[in-house]
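Trainee: Residue numbers (the working numbering), protein chains in the order written: chain V, 1 to 81; chain P, 1001 to 1488. Take this structure, written in structure tokens, and hold onto it; I'll ask about it next.
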Amino acid sequence: MEYPTAIALDKDALRSNVVRVTIPAKAMFDLKKMQKITESVLDQLGCSNCHSGHDIRFDIERQFIVDEKLKIHSQMELMRR
Amino acid sequence: MKIEPLGVGLVYIPGLEPLFESPDGAVQVLELEPQVLWRYFPNKDQPYENQLEFLKRLQALPQAKTIHGVGFPVGGSRIPDPRHIPPLSEAIQTLDGAWASEHLVFNEAVDAQGNSVQTGFFLPPLATPAGVEAACRTIAAVSGKLPVPFAVETPTNYLKPIPGEMSDGQFTKAVVEAADCGILLDLHNIWSNERNGRQTVEAFLSEIPLERVYEIHLAGGLKYGDYWLDAHSGDIPPPVIEWARRLIPHLPNLGALVYEILPAYLPRFGLDGVRQAVDQMHDLWSCRRATQESDSPFKKAKPKVLVTDNGLTPEVWERKLSAQILFPSEYEGEDELSRQLADDPAVLLIRELNRKFRLSAVISNLRMSIRLLMLSLDEASFDRLVADYCFSRTPDRFAVNEAHHFAGYIRKLDLEIPYLYELLNYEITAMDVIADGQARSVPFTTDPQTLLETLGRGELPIDLPTADYEAEITPPEERVFETQNLIH
């Protein structure tokens, strides 16, 4: 037995409050502050192209976070003075 | 097998297009690593798929093409998944590749329970007569199905030599002669091996059949602790250039000199740096001689006497070495080989490099989720989480799978980090959108644009207004060379 009406109405009511936005699958928000990063979707999903060396993508990300944390910390210090 | 001399070239990576399109024609060869561009659909009968339109655009470039495999190496006892052969052949035919190559290493093994595991890192094969036989069987299973000549690449090996193994040069010679294939001589690898305590470049070159060298790879590396890494990070070290200068006049069948750099290093090295490497290679290419001297100019080292059969089979070697890399706590001290490997500092190095490879593969797809985790957790907690993940699951050669596995692991942890799971859902769904080009929608409890921009600034999203959002994730526009995205 179906209860389509009530459920559909609720869903419709809920949907009317939902804000619909469009965002790209390849969001570039994260790259605006990172210096000189070559970004490509081509090699994003396939095999990594070197497996006996040193992949620095994680190191780059960690350095970015460390720098930003330090910046925010120093800004807070300035505000306290 | 006579190889056509093609000239000087580059391994294709995004960002190098201006050099391939340069009207001066300095880059004569484009080497493609087809697996890097493959789409992976694990539930399909044929899970590997070329991006044919992109291959056709590469084909239209004026360079001669060569094909270099990076995902299914041929140095071990495991025959690589045969389903990779049709798309590999398709790439060779679409690009009209002159020859194909793969690495003389292994990246798959069978664990103690009989399960197939991927190692996530290129590991050296067992250098004994039994290892030679195994590699030859594997090479034949691949090269016999390809429409072009085949060469194997000489690898880096960070491990200390083990008792009873052949020298690297002896092993390479035995394999390529028995398999009747060519050599892709990576001179930076051989020089790195010498720096890291293995055979000298001189001795290696004295042992290999020089007439089988179809191609030379040149690259830069870097010092990392006590090791020199095959990092593909920029400048070709001067001693490697000098070895190439000595060697090239004695290579009667040399088809190409090819420079390699990893995409992550290109922004700091720059196109000018790559162009300089191309010029260096032209200088080296001019060292070829019309008639070759028959004798090798390299001094043979004192022949290495094999201790006798060390009793190892390639299968046991592959299982124990991969176990040391993947499951160290289960195998320490179990037997002589495991003890020796556990005492080798290179095993620790490989574990660390492997962890970084895996995390980098995850970051390439789940950058914002990782960033939120790193902003929310202290460094030690984040590192512990990553280490636990790496020990909980063996690696996967496809970044898409590694990202899915990591997302699954994080979901099970049920962390109380605001927005983490909706962000994860967005990025995982975005991977599907990129893979099949179909738009999809995901819910957010705050404005996703604000959330992503906050994280983009490297800030923790705090006190964002709550509201129901539905974000339609749209596929990226098809990439064209002219609009390639280099952020400065």
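The C-beta atom is built at its ideal place from N, Cα and C for all residues, glycine as well. Quick caveat, the model's predicted, so the values are computed rather than measured.
(1) Any contact between the stretch 1150–1164 of chain P and the stretch 1180–1199 of chain P? By contact I mean 3 or more CB pairs, one from each, below 8 Å.
(2) Quick one: is A1219 (chain P) buried, meaning 16 or more other Cβ sit within 10 Å of its Cβ, or exposed?
(3) Name the two residues that bound the continuous beta strand (DSSP E) containing W953 (chain P).
(4) Along the stretch 1346–1368 of chain P, where does the CB come closer than 8 Å to a CB of chain V? Name the residues.
(5) Which one or two residues does DSSP pair with T1474 (chain P) in a beta bridge?
(6) Determine, using beta carbons only, whether A1264 (chain P) comes closer than 7 Å to chain V.
(7) Anything in chain V within Cβ reach of L1229 (chain P), meaning under 7 Å, just list it in chain order.
(8) In chain V, which residues lie with their C-beta within 7 Å of the C-beta of E1318 (chain P)?
(9) Given 8 Å as the limit, is there contact between the stretch 1394–1409 of chain P and the stretch 1438–1445 of chain P, that is, 3 or more CB pairs closer than that?
(10) Anything in chain V within Cβ reach of A1448 (chain P), meaning under 7 Å, just list it in chain order.
(11) Measure from the alpha carbon of G1166 (chain P) to the alpha carbon of each residue in P:S1192, P:R1083, P:V1132, then state which is nearest.
(12) Helix, strand or coil, according to DSSP, for F1072 (chain P) in the structure here?
(13) Under the three-state reduction of DSSP, which class applies to K1223 (chain P): helix, strand or coil?
(14) Can you check the stretch 1308–1374 of chain P for any alpha helix (DSSP H) of at least 4 residues that lies completely inside it and give the ranges in chain order?
(15) Which value, in whole angstroms, describes the spacing of the CA atoms of P1018 (chain P) and Y1259 (chain P)?
(16) What number of angstroms, rounded off, separates the C-alpha of K32 (chain V) from the C-alpha of I56 (chain V)?
(17) Any heavy atom of the ligand MG closer than 6 Å to the Cβ of L1146 (chain P)?
(18) Hey, how far is the Cα of D1335 (chain P) from the Cα of V1110 (chain P)?
(19) Could you spell out the range, first to last residue, of the alpha helix (DSSP H) harbouring P1448 (chain P)?
(20) Taking 7 Å as the threshold (C-beta atoms), are S1296 (chain P) and L1184 (chain P) in contact?
(21) Suppose the cutoff is 8 Å on Cβ atoms and the five residues either side in sequence are ignored; what does the same chain contact list for L1104 (chain P) look like?
(22) Give the straight-line distance between the Cα atoms of V1148 (chain P) and G1456 (chain P), rounded to the nearest whole angstrom.
(23) Return yes when the Cβ of A1179 (chain P) is within less than 7 Å of the Cβ of I1139 (chain P), no when it is not.
(24) So, are the CB atoms of Y1389 (chain P) and Y1409 (chain P) less than 7 Å apart?
(25) Alpha carbon to alpha carbon, how far is P1267 (chain P) from D59 (chain V)?
(26) Just to make sure I have the definition right: I need the residues of chain V whose C-beta is within less than 8 Å of the C-beta of N1107 (chain P). Which are they?
(27) Can you give me, in chain order, the residues of the stretch 1122–1136 of chain P that have a beta carbon less than 8 Å from any beta carbon in chain V?
(28) H1232 (chain P) and D1186 (chain P): beta carbons closer than 7 Å?
(29) Counting C-beta neighbours from all protein chains within 10 Å, is the total for E1427 (chain P) 16 or more, i.e. buried, or is it exposed?
(30) Who are the neighbours of L1061 (chain P) on chain V, taking C-beta pairs under 9 Å?
(31) In chain order, what residues of the same chain lie with their CB nearer than 7 Å to the CB of F1020 (chain P), ignoring the 5 residues before and after it?
(32) Just mark S1371 (chain P) as buried or exposed, buried being the case when its beta carbon has 16 or more other beta carbons within 10 Å.
(33) At a CB-CB cut-off below 8 Å, which residues of chain V make contact with Y1224 (chain P)?
(34) Please confirm whether P1047 (chain P) and F1041 (chain P) have their CB atoms less than 7 Å apart.
(35) Taking only the alpha-carbon atoms, compute the straight-line gap between L1247 (chain P) and V1274 (chain P) and give it to the nearest angstrom.
(36) Which residue spans inside the stretch 1083–1117 of chain P form an unbroken alpha helix (DSSP H) run of at least 4?
Mentor: Judging by the given coordinates:
(1) The answer is yes - the stretch 1180–1199 of chain P touches the stretch 1150–1164 of chain P, with three or more Cβ pairs under 8 Å.
(2) Result: buried.
(3) In the structure as shown, chain P starts at 1001 and stops at 1488, and residue 953 (chain P) therefore has no counterpart that could be examined.
(4) Correct list: L1353, K1356, F1357, L1359, S1360, A1361, I1363, S1364, N1365, R1367, M1368.
(5) As computed with DSSP, T1474 (chain P) is found in a beta bridge with V:P24.
(6) With 7 Å as the cut-off, A1264 (chain P) counts as an interface residue toward chain V.
(7) In chain order: G53, H54.
(8) Taking a Cβ-Cβ cut-off of 7 Å, E1318 (chain P) has no neighbours in chain V, whose nearest Cβ is about 15 Å from it.
(9) The stretch 1394–1409 of chain P is not in contact with the stretch 1438–1445 of chain P.
(10) Checking the sequence shown, residue 1448 (chain P) turns out to be Pro, not Ala. The contacting residues are V21, I23.
(11) In the sequence as displayed, the identity of residue 1166 (chain P) is Met instead of Gly. Just measuring C-alpha positions, the residue of P:S1192, P:R1083, P:V1132 sitting nearest M1166 (chain P) is P:V1132.
(12) The DSSP-derived three-state label of F1072 (chain P) is coil.
(13) K1223 (chain P) falls in the strand class under three-state DSSP.
(14) Counting only runs of 4 or more, we get 1314–1326, 1328–1331, 1336–1343.
(15) Taking the straight line joining both Cα atoms gives about 16 Å.
(16) Because K32 (chain V) carries a pLDDT of 43, less than 50, the predicted location of this residue cannot be relied on, and the following value inherits that uncertainty. Approximately 19 Å between the Cα atoms of the pair.
(17) Looking at this structure, you won't find the ligand MG or any other ligand, since it has none at all.
(18) Cα to Cα, D1335 (chain P) sits roughly 18 Å from V1110 (chain P).
(19) Under the DSSP assignment, P1448 (chain P) falls in the alpha helix (DSSP H) whose first and last residues are 1448–1456.
(20) No, they are not a contact pair.
(21) Apart from sequence neighbours up to five positions away, the residues of its chain that approach L1104 (chain P) with a beta-carbon distance below 8 Å are P1073, V1074, G1075, P1125, A1135, V1152, E1153, T1154, P1155, T1172, V1175, ordered along the chain.
(22) Straight-line Cα distance between these residues: approximately 46 Å.
(23) By the CB criterion at 7 Å, I1139 (chain P) and A1179 (chain P) fall inside the cutoff.
(24) Closer than 7 Å, so yes.
(25) Those two C-alpha atoms are separated by around 15 Å.
(26) The answer, in chain order, is H51.
(27) Residues F1122.
(28) Between H1232 (chain P) and D1186 (chain P), the CB-CB gap reaches or exceeds 7 Å.
(29) Burial call: buried.
(30) The contacting residues do not exist; L1061 (chain P) stays about 15 Å from chain V at best.
(31) These residues qualify, in order along the chain: V1027, L1030, L1061, Q1063.
(32) The sequence given here has Arg at residue 1371 (chain P), not Ser. Classification of R1371 (chain P): buried, given that the 10 Å Cβ count is 16 or more.
(33) Here the neighbours are H54.
(34) Result yes, Cβ atoms of P1047 (chain P) and F1041 (chain P) sit closer than 7 Å.
(35) A direct Cα-Cα distance of roughly 22 Å separates L1247 (chain P) from V1274 (chain P).
(36) Complete alpha helix (DSSP H) runs here, min 4: 1085–1095.
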